[in-house]
Each structure stands twice: as C-alpha cells, then as structure tokens.
Amino acid sequence: MYKGLTLNSEKIAGLSAREFTETELHHPDYYSWLREYDNIKYIGRYEYFLNTPFSEIESYVKGLISSNNDCFFAVYYEDEFIGTLKIGHISLYNSIADMGFLIGNKNHAGKGFGTEILRMGCRYAFEQIGLRKLEGGCFASNIAANKMFLNAGFKPEGVLRKKLKLGNIFDDHNLYGLFPEELVL
Ligand SMILES: CC(C)(COP(=O)(O)OP(=O)(O)OC[C@H]1O[C@@H](n2cnc3c(N)ncnc32)[C@H](O)[C@@H]1OP(=O)(O)O)[C@@H](O)C(=O)NCCC(=O)NCCS
C-alpha cells in the first residue's frame, strides 16, 4: 500500500529515492557494493554479505520488494544509482519501523546525501505511512551513521555494550529513536 512512490529532495537537486526494482538488483554496482569491506563492515552481517551468492541476495531483495512490512528504495543522484534506503520491519500495530541506509558509491560520500536521504525517508514514514516512531542503530565506531541519526534529530536511546563484531574487537551498538516532532529537516 505504501509502494511505488519516488521521493525527491527539496534540498539537494537531483537526489531522489525510487522504489527498488529488479533493475537495481541486477545493476552490477549493487552486488559489488555488497562485497566491499568499507560498505558492509557496518551493516551487521559482514560474514553473510561477504560469502553470499547472488541468488541469496536476490531472494532477500525480492522478499523486501514484495513485503508489506518494508519499503526498499534505490537512491539516485541524477541518473546514477548510488545507494539504498530501507524503512524496515514496519509494524502498523505498534506504528513503528526502523531505518537502514547505504551510500555505496563512494564518489558521493561525505556530501550530505546520506543525511538528506535519511531525512526524506523519515518524512515519508511519518507523513505518508503515518508511523508514530522510527528507530535505528549503528556501530559506535560508525561516525558517519551516528552523525546522520543525530543530524536528523534522532535521540540516543541506549547502548548495547560490545555487541557487534568488528574485525578483532566487539563494538558497542548505539540505538536511536525519533518521534515526528523531533525530525530535523
Ligand atoms: C553511513 C553512510 C550512509 C554515510 O553516507 P554519507 O552520504 O557519506 O553521509 P553524510 O555525507 O550525510 O555524512 C554525515 C556526517 O558524517 C560525516 N562523515 C561521512 N563520512 C565519514 C567518514 N568516513 N568518516 C568520518 N565522518 C564521516 C560527514 O562529514 C557528516 O558530518 P557532519 O554531520 O558533521 O556534516 C555511508 O558511509 C555508508 O553507506 N556506509 C556503509 C553502510 C552503513 O554504515 N550503513 C549504516 C548502517 S546503520
């Protein structure tokens, strides 16, 4: 019911989030992003992405596309596919969801695209889906993701200490939450 929309940034001309389709699934960049250590080390299931054949990624993505509990977007800058945005685990009963994002094309890292895409996704989740609360989490050492949550107005809600494996150490998992009135656009 909340599929098929394109979100256009009002702040960054050319930045948009479109429904993720089989076109992006078969785009060579997508699979290669899921093989790059700097992209996947913070996604949470490093070993899964590193070893997973395309067929499993395909089945995961097709599950997201057909799911009524997830919105999966392809992020574009002009005509270039540069990343993904997910409003996941949508629970209409609790009126919550969680936010996930990847700017895979590193030519566009650090330009504010990640923050703007997160803001656009939050706005969509609150205004179009009508959710009450959004959540997110990231490795404590993932400076960009922590900043993104704070930039968009998310509040820290807890730390799961030394939960996530990162190379030879276990990193803290920082948890964030956001109510509509807290969103910073
Ligand atoms: C996290 C990610 C989406 C950030 O994308 P981005 O487009 O570079 O983000 P932004 O440009 O909006 O940057 C947000 C902030 O982090 C800073 N930043 C970006 N990359 C950084 C880096 N490698 N090291 C330190 N700071 C960084 C930016 O300068 C900006 O700081 P500011 O708020 O003080 O201006 C991207 O690095 C990524 O896809 N990483 C891998 C996947 C991932 O970690 N997903 C999140 C899982 S929860």
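Using my numbering, the letters of the sequence shown correspond one by one to residues 565 to 749. Glycine residues also receive a C-beta, built at the ideal position from the N, C-alpha and C atoms.
Apart from the 5 residues on each side of it in sequence, residue 680 sits with its Cβ closer than 7 Å to the Cβ of 573, 575, 576 and 579 in its chain, given in chain order.
Between the region 642–656 and the region 607–624 there are fewer than three C-beta pairs closer than 8 Å, too few to call the two in contact.
If you ignore the 5 residues before and after residue 739, its C-beta comes within less than 6 Å of the C-beta of 701, 721 and 722, all in its own chain and listed in chain order. Minimum Cα-Cα distance from residue 590 among the listed residues 567, 729 and 620 corresponds to 620. In the DSSP assignment, the residues bridged to residue 698 are 661 and 742. Secondary structure at residue 723: strand, using DSSP grouped into helix, strand and coil. Taken in chain order, the complete alpha helix (DSSP H) segments of 4 or more residues contained in the region 614–672 are 618–630.
Within a 10 Å sphere around the beta-carbon of residue 706 sit 16 or more other beta-carbons, which makes this residue buried. Within the DSSP bridge table, the entry for residue 583 names 637 as partners. When the alpha-carbon of residue 657 is set against those of 682, 627, 711 and 695, the nearest one is in 695.
Two segments are said to touch when three or more pairs of C-beta atoms, one from each, lie closer than 8 Å; by this definition the region 673–688 does not touch the region 728–736.
Listed in chain order, the non-local C-beta contacts of residue 595 below 7 Å within the same chain comprise 618 and 621, local neighbours out to five positions each way being set aside. The closest heavy atom of ligand 1 lies 7 Å or more from the beta carbon of residue 571. Taking the Cα positions, residue 674 is about 15 Å away from residue 640.
Contact check for residue 593 and residue 668: beta-carbon distance about 7 Å, within the 8 Å limit, so the pair qualifies. A direct Cα-to-Cα measurement between residue 600 and residue 745 gives close to 36 Å.
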